[in-house]
Amino acid sequence: MMSPALATLEILSLKLIQRYYVPKELLKPAEQAVLHEILVVPIRLRVCILLKNIINAYWHLMSPSARRLLRAFVMVHEEAKQKNFLASQILKAMNKVIPVLPPRPVQPVVSTFKNMDFLSEFSPLDIAKTMTLIDWEVFKMIKPEEFLKQTWTKRPEKAPNLRAMIDRFNKITEWIVSHVVSGEKIKIRVKRYCKFVAIAEELKNFGSFHSFMAVLAALTQNPLTRLKFTLSEIPPRVKEQQKALEEIMSVENSYKNYRETLSSFLNNSKYPTIPYLGVFFRDIIYMDDGLKNDAGKYNTKYILSIYGIISQIQISQDHPGYPFEINEKLDKYLREMPNIFPTKILNDMVRQKEPKTATRADIE
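The sequence shown begins at 23 in our numbering and counts up one residue at a time.
Encoded structure:
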C-alpha cells in the first residue's frame, strides 16, 4: 500500500474513486457487457479493497476533507440501491472507526406561556443566542446521508434531523408573523417588528443563517405585510438595516452574496456556522436531475458535488460549538414558540386592527 508520505490520503482517495468509475467512452456498445465482467468489476474490486485498507490503517491520520470524500462515495452507492457489496464493506470499515452517538430523545412540550409580552424582557442579542443554540443542537446531529436522493421530502423518516430543521424554520416564520400582528397598538407592532430586524442582525453575526433566513422570510409574509400603517412607521434606519440583510440572502446569481458570506464565515469566524439549508436543497435537486451519466447512474462529478455540500456541513459540525450560556426560561419559550395563530385568524386581526378603509387617525 502507498505510504502517506508519497501522497496525501485525500489525493490518493480521490484518484481511487476516479478509477472506480471506469470510462466507457472508448468502448463499443457491443463490448461493454463483456468488458464489464473482465475489466470493470476487477478494477472496482481492487479499488474498494484499497479504500477499505486505507480506512482501517489511516483513518486517524486523515484530514476531515478526506473523510468526507470517502463518506460521499459510500453514501451515494448505499442510497442508490445498487446492492453494492463492495461499498457496504467500506461502510462497515468506517463504522468500526467512527464513534456513533445515540439520538437525543424528544420530549413533549407543554405550553406554560400566556404572557404575549414575555419576549420584551430579553434583548435581541439574548434571543439570537438562544435561537442559535437551539438550532445548533439539531444541526450538529444531521447525518450526511440525509441529504441524498431528496430524502427530506421523499422519505422524511430517513432524514429526521433535516426535517426538524425545516419544521423549525417554518415555525419561526409563523411565530414571528403571529407575534407582530397580535400587538394591540401600532407602537407595539412597530416595536416588535424592529426587534426582529435586530434579532436577524445578531443571528447573521453568529453565522446562524438558517434562523436568520427564517426571520427575514417572516417579515415579508402575509398578513404581516398588509399592516400598512404599522409598516409606514418603521424608522428609516431599520428599513435600511433590513434591506441590507435581505441583500445577503438575495436569490440573484444563485445566492451569490450568501455563498460568499457563508464561505467567509466558514474560513474566518470564531463561531460555528449553521447554513441556510434551503440553498443546499436547491443544489441537490439540481444535481440529482443533471449530474448523472447516460445510463442514469451517478458519476465522479456527482460524488464531488455531494462531497462539497457535506464538507460545508461537517466543517461546521466539527467545531466545538457556541460559547453561550443557556437561559433556561428563554430557551423553553423559544422551543415552544407559543401563541401561533392560524392564517385565517391573523387575517381577521389585520382587518380589525388596520381596516382598508381606515385612516391613520382611526388606528390606535
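No residue lacks a Cβ here, since even glycine has one placed at the ideal position from N, Cα and C. Predicted model only: the values in this text are computed from it and were never measured.
Alpha carbon of Asp340 to alpha carbon of Lys162, nearest angstrom
Here residue 340 refers to the residue found at position 318 of the sequence shown. Here residue 162 refers to the residue found at position 140 of the sequence shown. If you take the alpha carbons of Asp340 and Lys162, they lie about 8 Å apart.
For the region 276–290 against the region 214–221, are there 3 or more C-beta pairs whose distance is under 8 Å?
no
Tell me whether Ala79 is buried or exposed, calling it buried when 16 or more other Cβ atoms sit within 10 Å of its Cβ.
As a working mapping, residue 79 is identified with position 57 in the sequence shown. So Ala79 ends up on the exposed side.
So Thr152 and Leu352 are in contact, right, with Cβ under 8 Å, and what is the actual spacing, rounded?
Residue numbering aside, residue 152 sits at position 130 when the sequence shown is read from its first letter. Residue numbering aside, residue 352 sits at position 330 when the sequence shown is read from its first letter. Right, their Cβ atoms sit about 5 Å apart.
Would you call the CB atoms of Asn183 and Ile164 closer than 9 Å?
Walking along the sequence shown from the start, residue 183 turns up at place 161. Walking along the sequence shown from the start, residue 164 turns up at place 142. Their beta carbons are under 9 Å apart, which means Asn183 touches Ile164 by this criterion.
Check each candidate in Ile33, Ser276, Thr295 and Thr322 and name the one with the smallest Cα separation from Phe303.
In the sequence shown, the residue the question calls residue 303 occupies position 281. Cα-wise, what sits closest to Phe303 is Ser276.
How big is the Cα-Cα spacing for Leu72 and Thr173?
Within the sequence shown, residue 72 is the residue found at index 50, counting from 1. Within the sequence shown, residue 173 is the residue found at index 151, counting from 1. Their Cα atoms are separated by approximately 30 Å.
Strand pairing of Ser230, partner residues [DSSP]:
As a first step, residue 230 must be located in the sequence shown, where it is residue number 208. The partner list for Ser230 (beta bridge, DSSP) reads Ile296.
Rounded C-alpha distance that separates Tyr298 from Pro64:
Taking the sequence shown and counting its residues from 1, one reaches residue 298 at position 276. Taking the sequence shown and counting its residues from 1, one reaches residue 64 at position 42. Going from the Cα of Tyr298 to the Cα of Pro64 covers about 42 Å.
For Phe363 and Leu253, the rounded distance between their alpha carbons:
Here residue 253 refers to the residue found at position 231 when the sequence shown is read from its first residue. Here residue 363 refers to the residue found at position 341 when the sequence shown is read from its first residue. So the alpha carbons of these two residues sit roughly 20 Å apart.
Does chain C have any CB closer than 9 Å to the CB of Lys151?
The question asks about chain C, but that chain is absent: this structure has only one protein chain.
Can you tell me whether DSSP reads Pro124 as helix, strand or coil?
Mapped onto the sequence shown, residue 124 falls at position 102. The pLDDT assigned to Pro124 is 48, lower than 50, so where the model puts this residue is not dependable; a value taken from the coordinates is nonetheless given after this. DSSP places Pro124 in coil when its eight states are reduced to three.
Could you give the residue range of the alpha helix (DSSP H) that holds Ile164?
The sequence position of residue 164 within the sequence shown is 142, counting from 1. Run containing Ile164: none; DSSP gives neither H nor E here.
Anticipated Cβ contact below 8 Å, Met359 with Trp197, distance rounded:
The count along the sequence shown starts at 1 and reaches residue 359 at position 337. The count along the sequence shown starts at 1 and reaches residue 197 at position 175. Yes, Met359 and Trp197 are in contact; Cβ-Cβ is about 4 Å, under 8 Å.
Is the Cβ-Cβ distance between Leu249 and Ala222 less than 9 Å?
On the sequence shown, position 227 is the one that residue 249 refers to. On the sequence shown, position 200 is the one that residue 222 refers to. Cβ distance not < 9 Å, so Leu249 and Ala222 don't count as in contact.
DSSP three-state assignment for His5, whether helix, strand or coil
The requested residue 5 is not part of the displayed model; the chain covers only 23 to 386.
Let me confirm a value: Asp157 is counted as buried when at least 16 other C-beta atoms fall within 10 Å, else exposed. Which label applies?
The residue labelled residue 157 in the question sits at position 135 within the sequence shown. With 16 or more Cβ atoms within 10 Å of its Cβ, Asp157 is classed as buried.
Since Val6 and Glu268 are thought to touch, with beta carbons under 8 Å apart, how far apart are those beta carbons, to the nearest angstrom?
Lying outside 23 to 386, the shown extent of the chain, residue 6 is not represented and no answer is given.
Give the secondary structure of Tyr215 by DSSP, where H, G and I count as helix, E and B as strand, and everything else as coil.
Taking the first residue of the sequence shown as 1, we reach residue 215 at position 193. In the structure shown, Tyr215 sits in a helix (DSSP, three-state: H, G or I).
With burial defined as no fewer than 16 other Cβ atoms inside 10 Å of the residue's Cβ, what is the status of Thr295: buried or exposed?
Within the sequence shown, the letter at position 273 stands for residue 295. Per the 10 Å Cβ criterion, buried.
DSSP state of Glu269 mapped onto helix, strand, coil
In the sequence shown, counting from the first residue as 1, residue 269 sits at position 247. Correct three-state label for Glu269: helix.
What is the rounded straight-line gap between the Cα of Glu224 and the Cα of Leu147?
Here the question's residue 224 lines up with position 202 in the sequence shown. Here the question's residue 147 lines up with position 125 in the sequence shown. Each residue's Cα considered, the two are about 6 Å apart.
Glu274 versus Val202 - alpha carbon distance:
Along the sequence shown, read from residue 1 onward, the residue named residue 274 stands at position 252. Along the sequence shown, read from residue 1 onward, the residue named residue 202 stands at position 180. Cα to Cα, the separation comes out at about 29 Å.
Pick from Glu168, Glu167 and Glu206 that is closest to Gln22, judged by C-alpha positions:
What is shown of the chain runs 23 to 386, which leaves residue 22 out entirely.
By a C-beta neighbour count over all protein chains shown, 10 Å radius and 16 as the cutoff for buried, is Tyr308 buried or exposed?
Looking up residue 308 in the sequence shown gives position 286. Per the 10 Å Cβ criterion, exposed.
Would you mind sorting Gly343 into buried or exposed? The rule is 16 or more other CB atoms within 10 Å of its CB.
Counted from its first residue, the sequence shown places residue 343 at position 321. Exposed, because fewer than 16 other Cβ atoms sit within 10 Å of the Cβ of Gly343.
Cα-Cα, which of Cys70, Ser338 and Ile306 is closest to Lys323?
Position 301 of the sequence shown holds residue 323. Ranking Cys70, Ser338 and Ile306 by Cα distance to Lys323 puts Ile306 first.
Hey, quick one: how far does the alpha helix (DSSP H) through Lys169 stretch, first residue to last?
Against the sequence shown, residue 169 aligns to sequence position 147. It is Phe, not Lys, that sits at residue 169 in the sequence shown. Run containing Phe169: none; DSSP gives neither H nor E here.
Any idea if Ile328 is buried or exposed, counting beta-carbon neighbours within 10 angstroms, 16 or more meaning buried?
In the sequence shown, the residue the question calls residue 328 occupies position 306. So Ile328 counts as buried.
Between Leu155 and Leu92, what straight-line distance do the alpha-carbon atoms span, to the nearest angstrom?
As a first step, residue 155 is located in the sequence shown; it is residue number 133 there, counting from the start. As a first step, residue 92 is located in the sequence shown; it is residue number 70 there, counting from the start. Approximately 30 Å, taken between the alpha carbons.
With a Cβ-Cβ cutoff of 9 Å, do Leu326 and Arg214 count as a contact?
Here residue 326 is taken as the residue at index 304 of the sequence shown, counted from 1. Here residue 214 is taken as the residue at index 192 of the sequence shown, counted from 1. Not a contact, by the Cβ cut-off of 9 Å.
State yes or no: is the C-beta of Val199 within less than 9 Å of the C-beta of Pro245?
For the purposes of this step, residue 199 is identified with residue 177 of the sequence shown, where counting begins at 1. For the purposes of this step, residue 245 is identified with residue 223 of the sequence shown, where counting begins at 1. Closer than 9 Å, so yes.
How many angstroms separate the CA atom of Phe144 from the CA atom of Gly229?
As a first step, residue 144 is located in the sequence shown; it is residue number 122 there, counting from the start. As a first step, residue 229 is located in the sequence shown; it is residue number 207 there, counting from the start. So the two alpha carbons sit approximately 21 Å from each other.
Do Thr195 and Ala150 have their C-beta atoms closer together than 9 Å?
As a working note, residue 195 is residue 173 in the sequence shown. As a working note, residue 150 is residue 128 in the sequence shown. No, they are not a contact pair.
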